[in-house]
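Okay, so the sequence shown: first residue is 1 according to UniProt numbering, each after it adds one.
One structure is given here, and the rest of the page talks about it.
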Amino acid sequence: MSKTRITVNNNGSLRIEGEFEIVDKDGNAYGLGGRTLVSVCRCGLSKNKPFCDGSHKGHFEHDAQAFDLPEKK
Numbered sequence: 001m002s003k004t005r006i007t008v009n010n011n012g013s014l015r016i017e018g019e020f021e022i023v024d025k026d027g028n029a030y031g032l033g034g035r036t037l038v039s040v041c042r043c044g045l046s047k048n049k050p051f052c053d054g055s056h057k058g059h060f061e062h063d064a065q066a067f068d069l070p071e072k073k
């Protein structure tokens with residue numbers, strides 16, 4: 001399996017690229033139609049959850065800046 005990359009977009013979605021599977025709470029896979037790139041909603045406004053439909057525009061602010069988590073206990 002190739003490396004999967006998740007990009008946290010400013011004021012928007014999580015962009016997932018590579019080989020991946022997205023499943024619901026019961027472990028059932030969403031049909032991605034062969035896509036290797038999708039955007040997942042972070043704002044909760046999408047009518048196509050868990051996927052982004054652009055509803056966040058003008059309603060969600062987040063400056064995506066990477067940082068280090070504290071050491072795992």
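A virtual CB, placed ideally from N, CA and C, is assigned to each residue, including glycine.
Nearest candidate by alpha-carbon position, reference residue i, set the options
i     : options                : result
Arg15 : Gly31, Asp26 and Gly54 : Gly54
Lys3  : Glu21, Gly12 and Asn10 : Glu21
Asn10 : Asn28, Lys72 and Gly58 : Gly58
Rounded distance between the beta-carbons of residue j and residue i, thought under 8 Å
i     : j     : result
Cys41 : Pro50 : 6 Å
Gly18 : Thr36 : 6 Å
Local conformation of residue i per DSSP, three classes
i     : result
Leu45 : coil
Glu61 : coil
Ile16 : strand
Bridge partner(s) assigned by DSSP for residue i
i     : result
Leu69 : According to DSSP, which records beta bridges pairwise, Leu69 is partnered with nothing at all.
Arg5  : Glu17
Leu37 : Glu17
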